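**Student:** Please find one structure pasted underneath; my questions will follow.
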Amino acid sequence: MSRRITAAEITSRKGAAFPVVTAYDAPFARCAQAAGIDVILVGDSLGMVVLGYESTTAVELADMVRHGAAAARGAQSAHVIVDLPFATYEASDELAIASSGELVKRGGASSVKLEGGTSAASRIRAIVGAGIPVCAHLGVLPQTASLGSGFRLRRERDRLLRDADAVAEAGAFAVVLEMVEDGIAAEITRRIAIPTIGIGSGPHCDGQVLVLHDVLGLYPDSPPFAKQYATLGAAATEALSAYAADVRSRAFPAARQTAAHEGNGYRP
Ligand code: KIV
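In my numbering, the protein residues as written are 115 to 382.
This is the structure:
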C-alpha cells in the first residue's frame, strides 16, 4: 500500500491547478484515484446525491464515518477529506474535536472539512491543535443555506476577505470557495498562503472541486456551474431497461447464466 498524500503536501500545491472530486464509496474513489485525482472529498453532499435527502442537514456523523471509510478503502493513496456534518462541531471546540476524531479513527479521514469563516476559527484552531488537519469552506455554506443563508452568489468582499484571513490564520491547510464572485475568489487566492479550491468560483482558484454525480451525469439537479463529462445515469437506465426486457422475454438467463450449465465453472 502506498502512503497517502498529506495535508501539508496539498498546502504546498499553492499556485498549481489541481483537481478534487467528491466520492462516497470504494468503487468511485478507486476510479478517481485511477484517474490521477489524489484528493478526494467525502462531502456531505452525500445527503442529496446518494441518500436522497433534500439538503445536507439530515446527514449524521455515522453516515460520514461509513462512507468516508468506504472511500478510503477504495483509494489507498489519495488524501481523503471527510466533511463534518451539520451540528457535529458548531456547539463547542470539544464537540468539534470529538467528531473529527471519530472521522479519523473510524471514518478513513486524512483531514476534515467544516463550514464557516471567523465564526469557525476557534473550532479550526482546536481541531488542528488536536493534530487533525482542517480544510475550511467559505462562500455558500450548504449546511445552513437551506435554513436561510441561501444559495446566491457571494459578493460581500470585505467579509469574505476577513473570513479567508481568519481560517488561514487558524491553521486550515486549504479552503473551499463555493459560489464566490470570481474576482473576489482571485483576490483571496492571491492574498492567503493556503490553496483555494473553487466550486462555481471561477478559474483563478488554485484547485477545483466538483461533485462526482454532477461530473458523471448521475444527479438530475446539478447546478449550472458544474460540468458534466459523462451520462452514466442515462447509460444505467438503458442497461437496466435491456435487462428488464430480457427477463420479461425470457432471453435472460441463457444457459451460460445458469449455475448448472456445463462449462460455466460452477460444476466439476
Ligand atoms: O459536500 C460537498 O460535496 C462539498 C462540495 C460542494 C465542496 O462541500
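Don't be surprised by glycine CBs; every beta carbon is placed ideally from N, CA and C. Bear in mind that the values here come from a model prediction, so they are computed numbers and not experimental data.
#1: Quick check on the DSSP output: what are the complete alpha helix (DSSP H) runs of length 4 or more inside the region 141-214, in order along the chain?
#2: Rounding to the nearest angstrom, what Cα-Cα distance links G243 and A286 in this structure?
#3: Please report the distance separating the alpha-carbon of G316 from that of L354.
#4: Less than 8 Å separating the beta-carbons of L252 and D277?
#5: Select from S213, I311, G377 the residue whose C-alpha is nearest the C-alpha of R127.
#6: Would you identify the three-state DSSP class for K219, choosing helix, strand or coil?
#7: Would the beta-carbon of I154 fall within 8 Å of that of P133?
#8: For the beta strand (DSSP E) containing T136, list its first residue and its last residue.
#9: For A146 and Q322, what's the separation of their Cα atoms in angstroms?
#10: Quick check: what's the CA-CA separation for V218 versus K227?
#11: Are A137 and L326 touching if we call contact CB-CB under 8 Å?
#12: Less than 8 Å between the C-beta atoms of T351 and G331, yes or no?
#13: So is the beta-carbon of D139 under 7 Å away from any non-hydrogen atom of the ligand KIV?
#14: Which class does V325 belong to by DSSP, given the choice of helix, strand or coil?
#15: Do you know offhand how far S224's Cα is from G262's?
#16: The alpha helix (DSSP H) with A359 in it runs from where to where?
#17: Could you tell me the distance, in whole angstroms, from the CA atom of M293 to the CA atom of A282?
#18: Whose C-beta lies closer than 6 Å to the C-beta of S260 among residues of the same chain, with five residues either side of it excluded?
#19: Figure out for me which residue from T202, D139, D279 has the closest Cα to the Cα of G257.
**Tutor:** According to the structure shown:
#1: As far as the region 141-214 is concerned, its whole alpha helix (DSSP H) runs of at least 4 residues are 160-163, 175-188.
#2: Spanning the two alpha carbons is a distance of roughly 11 Å.
#3: Cα-Cα distance, rounded: 37 Å.
#4: Contact flag set, yes.
#5: Selected option, being the one with the closest Cα: I311.
#6: It is helical.
#7: For I154 and P133, no; Cβs fall outside 8 Å.
#8: Here the beta strand (DSSP E) through T136 covers 132-136.
#9: One C-alpha to the other measures close to 14 Å.
#10: Between the alpha carbons of V218 and K227 lies a gap of roughly 12 Å.
#11: In this structure, L326 lies closer than 8 Å to A137 by Cβ.
#12: Not in contact: T351 and G331 (Cβ atoms no closer than 8 Å).
#13: Relative to the ligand KIV, the beta carbon of D139 is positioned no closer than 7 Å to any heavy atom.
#14: If DSSP states are grouped into helix, strand and coil, V325 belongs with coil.
#15: Each residue's alpha carbon lies about 31 Å from the other.
#16: Run containing A359: 346-362, per the alpha helix (DSSP H) assignment.
#17: So the alpha carbons of these two residues sit roughly 19 Å apart.
#18: The beta carbon of S260 sits closer than 6 Å to the beta carbons of S169 from its chain, once the five residues preceding and following it are set aside; these are given in chain order.
#19: Reading off the sequence shown, one finds Gln at residue 257, where the question assumed Gly. The candidate whose alpha carbon is nearest that of Q257 is T202.
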